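Visitor: So the protein lines, in turn, are chains A and B. The first sequence runs 1 to 35 under our numbering. The second sequence runs 1001 to 1235 under our numbering. Shown below is the structure under consideration.
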Amino acid sequence: MSDPFVLGSYIATYGLIAVYAISLAVRIRRAKRGS
Amino acid sequence: MNKRMVLPTLSTAAIVYALWLALDSSPDVFQGDFVRIMYVHVPSSWLAFLAFGVTALGSALWLWRRTIVWDRIAEASAEIGVVFTGLSILTGAIWGEPVWGTYWDWGDARMASTALMLFVYLGYLALRRATPDPVARAKRSSILGLIAVVQVPLVYFSVSFWRTLHQGLTVRPDGIQMDGSMVAALLGGLAAVTLLYLSLMVERVRLARIEDENALSESVTAGTAVTAPDLDGIS
């Protein structure tokens, strides 16, 4: 796991999932405010 | 616990468990620790296939029943599918460099067909944004959603149709030739991302519903100053 390729793949995967989930929450909040 | 938090909590717990299974599994005889990248790459690919399959199903059901919820499901699933196709390409490239000696090869059937699938579904999302009328949008994107899904089996079987850089199918009719701990890590990853997909779908469909309600209330507020969207067929 300490290998930079393995570590990088896990950071990329869970990082991108977290960014998408957070952006979804922000979009829902903005849309609710707009209603 | 809040009912809305059940799925996100379950999917987070499943991801943590899948991560532990991936760390606890045996290294591969040939790839060493690089095989662990497969435990995020394969589930990402699976989720992309599942998501685009659901988009096609939602598209077919919208064309048949003309109920807006199917259009929302198709849209939500396509967006999540695009995210996971991107992840599949990214993790595949990271794995490719140490194992194959290259991040990317356009001559490889699996890589090229996956990239094409990503561009087509980005086009699907662009088409939706470019069509303001909700019925026209649902109709056009449903047709595209049904045509685009042809790529899913094409991408999956591309390694059998064309023998290029990518290895053949791991899951074959004669079984899986893998160590038990590797199978557990792979299945754990697949289960975790499937739960995550359900969790993201609930929220993404909710966003689509709120946006539709906002668009409807804006058209009502604007009165006759603008042309109201044609909502025939939307229930």
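From the three backbone atoms N, C-alpha and C, an ideal C-beta is built for every residue, glycine too. Remember, predicted model here, so these are calculated numbers, not experimental data.
For a contact meaning CB atoms closer than 8 Å, what does Val26 (chain A) contact in chain B?
Guide: The contacting residues do not exist; Val26 (chain A) stays about 10 Å from chain B at best.
Visitor: Going by DSSP, what residues sit across from Gly1188 (chain B) in a beta bridge?
Guide: BP columns for Gly1188 (chain B) are empty, so no partner.
Visitor: Report yes if the CB atom of Asp1071 (chain B) is closer than 7 Å to the CB atom of Ala1138 (chain B), and no otherwise.
Guide: Yes, these two residues count as a Cβ contact at 7 Å.
Visitor: Compute the Euclidean distance between the alpha carbons of Met1201 (chain B) and Leu16 (chain A), then round it to the nearest angstrom.
Guide: Met1201 (chain B) and Leu16 (chain A): Cα-Cα distance of roughly 16 Å.
Visitor: Assign Asp1237 (chain B) to one of two classes, buried (16 or more other C-beta atoms within 10 Å of its C-beta) or exposed (fewer than that).
Guide: Past the boundaries of the shown model lies residue 1237 (chain B); chain B is included only from 1001 to 1235, so the question cannot be answered.
Visitor: Would Glu1075 (chain B) count as contacting chain A if we go by Cβ distances under 7 Å?
Guide: Not one chain A Cβ lies under 7 Å of Glu1075 (chain B).
Visitor: Does the count of Cβ pairs from the segment 1089 to 1105 of chain B and the segment 1055 to 1068 of chain B closer than 8 Å reach three?
Guide: Output reads no: the segment 1055 to 1068 of chain B does not touch the segment 1089 to 1105 of chain B.
Visitor: Going by Cα to Cα distance, which pick from B:Gly1189, B:Ala1074, B:Ala1112 and B:Val1205 is closest to Phe1157 (chain B)?
Guide: The option with the nearest alpha carbon to Phe1157 (chain B) is B:Ala1112.
Visitor: Are the segment 1170 to 1189 of chain B and the segment 1026 to 1037 of chain B in contact at 8 Å, needing three or more beta carbon pairs?
Guide: Yes: at least three Cβ pairs fall under 8 Å.
Visitor: Thinking Ser1011 (chain B) and Ala1192 (chain B) are a contact (beta carbons under 8 Å), I'd like their distance in whole angstroms, please.
Guide: Yes, they are in contact, since the Cβ atoms of Ser1011 (chain B) and Ala1192 (chain B) sit about 7 Å apart, within 8 Å.
Visitor: Measure the Cβ-Cβ separation of Phe1049 (chain B) and Val1152 (chain B) and say whether it is below 7 Å.
Guide: Closer than 7 Å, so yes.
Visitor: Exposed or buried, which one is Ile1068 (chain B) when buried takes at least 16 other CB atoms within 10 Å?
Guide: Buried, by the Cβ-count rule.
Visitor: What does a CB cutoff of less than 7 Å around Ser1088 (chain B) pick up in its chain, not counting 5 residues either side in sequence?
Guide: Hits under 7 Å: His1041, Ser1044, Ser1045, Ala1048 and Thr1114.
Visitor: From what residue to what residue does the alpha helix (DSSP H) around Val19 (chain A) run?
Guide: Start and end: Pro4 to Gly34.
Visitor: For Leu1278 (chain B), count neighbouring Cβ atoms within 10 angstroms of its own Cβ and tell me buried if that reaches 16, exposed if not.
Guide: Absent from the structure is residue 1278 (chain B), since the part of chain B shown begins at 1001 and ends at 1235.
Visitor: Which residue wins for smallest C-alpha separation from Leu1165 (chain B), given the options B:Tyr1103, B:Leu1122, B:Tyr1121 and B:Arg1065?
Guide: That would be B:Tyr1103, whose Cα lies nearest to the Cα of Leu1165 (chain B).
Visitor: Please classify Phe1030 (chain B) as buried or exposed, where buried requires at least 16 other C-beta atoms within 10 Å of its C-beta.
Guide: The residue in question, Phe1030 (chain B), is exposed, as its Cβ has fewer than 16 Cβ neighbours within 10 Å.
Visitor: Do we get a CB-CB distance below 7 Å when we pair Ala12 (chain A) with the residues of chain B?
Guide: Output row for Ala12 (chain A): interface = yes.
Visitor: Please list, in chain order, all residues of the same chain as Leu1122 (chain B) whose beta carbon is under 7 Å from its beta carbon, the five residues on each side excluded.
Guide: Answer for Leu1122 (chain B): Val1082, listed in chain order.
Visitor: Please confirm whether Ala1215 (chain B) and Gly1145 (chain B) have their CB atoms less than 7 Å apart.
Guide: Cβ atoms of Ala1215 (chain B) and Gly1145 (chain B): not closer than 7 Å.
Visitor: Does Ile1174 (chain B) come out as helix, strand or coil in the three-state DSSP assignment?
Guide: The amino acid at residue 1174 (chain B) is misidentified as Ile; the sequence shows Asp. Of the three classes helix, strand and coil, the one that applies to Asp1174 (chain B) here is coil, per DSSP.
Visitor: Starting from Gln1031 (chain B), follow the alpha helix (DSSP H) in both directions and report where the run begins and ends.
Guide: Careful: Gln1031 (chain B) lies outside any alpha helix (DSSP H) and carries neither H nor E.
Visitor: Check each residue of the segment 1093 to 1124 of chain B: if its Cβ is closer than 8 Å to any Cβ of chain A, include it; give the result in chain order.
Guide: So the close ones are Ile1094, Trp1095, Glu1097 and Pro1098.
Visitor: Does any C-beta atom of chain A lie closer than 7 Å to the C-beta of Val1083 (chain B)?
Guide: Chain A contact via Cβ: present.
Visitor: Which residues bound the alpha helix (DSSP H) around Leu1007 (chain B)?
Guide: Here the alpha helix (DSSP H) through Leu1007 (chain B) covers Val1006 to Asp1024.
Visitor: Whole angstroms are fine: how far does the CA of Ala25 (chain A) sit from the CA of Asn1002 (chain B)?
Guide: Cα to Cα, the separation comes out at about 16 Å.
Visitor: Is there a Cβ from chain A that is less than 7 Å from the Cβ of Asp1212 (chain B)?
Guide: So, not an interface residue.
Visitor: Does the beta carbon of Gly15 (chain A) come closer than 7 Å to any beta carbon on chain B?
Guide: So no, Gly15 (chain A) is outside the interface.
Visitor: Considering just the uninterrupted stretch of the alpha helix (DSSP H) at Ile1080 (chain B), what are its terminal residues?
Guide: Unbroken alpha helix (DSSP H) run through Ile1080 (chain B): Ile1068 to Trp1100.
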